[in-house]
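Working notes, structure below.
Rendered as C-alpha cells:
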C-alpha cells in the first residue's frame, strides 16, 4: 500500500455516493504520488443492498478523473468484510501480474435511507430463510447468537 485516504466518518449531509467515491479516489492517488494514468485496475468495495439506486457502482470511480476511463473496474461485495475483500482482490491482481498498481476504493452511504429500511437492507447480508424476519436487524441477529450462547454455556457477562 503506497497511499490512502478516507472521508470523515458520520452523517455527511449533502454528500452523494458518487461524490464520496470520487473525492477519496483522487485524495488516495494524490497521497500515493500516483497519477490516474499509472493505475492498471480499479476495485470498489461497496455493499449496496438497496442503499443506492445506482447498482453498478464500480463505474463511479471512473468519474474521479477522465484518465481512469477504460481501466478495468470491478465491484466486490462481502457484507461486513467488503472492504477487506476489495483489498484482497487488489492484492490478487498484483500477485497474478495482471496489474502493477490497483486503486482500491471502499464506500458506503446510509444517510439517504430512512431508518427502518437500513435494518432491512443490512439483513440482506444474512441468510434470509433463517434471519430475514429478525426484529432489530443485525442487532437482533447478534442477540439471537448471544441467547444461544447463554443457553449453552451460561451467562458469562461478569467474566
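Residue numbers (my numbering): 4 to 162.
Don't be surprised by glycine CBs; every beta carbon is placed ideally from N, CA and C.
Source: prediction; values computed, not measured.
1) Helix or strand or just coil, what does DSSP make of residue 85?
2) Could you give the DSSP three-state label for residue 146: helix, strand or coil?
3) Which residues mark the beginning and the end of the beta strand (DSSP E) in which residue 45 is found?
4) On the premise that residue 50 lies in contact with residue 111, defined as a C-beta separation below 8 Å, what is that separation, rounded to the nearest angstrom?
5) Flag this pair as yes or no: are the beta carbons of residue 64 and residue 24 separated by less than 8 Å?
6) Would you report the Cα separation of residue 143 and residue 136, rounded to the nearest angstrom?
7) Just to confirm the assignment, what range does the alpha helix (DSSP H) spanning residue 118 have?
8) Quick check on residue 114: does DSSP put it in helix, strand or coil?
9) Do you know how far the Cα of residue 78 is from the Cα of residue 87?
According to the structure data:
1) helix
2) helix
3) 44–48
4) 6 Å
5) yes
6) 10 Å
7) 118–126
8) coil
9) 13 Å
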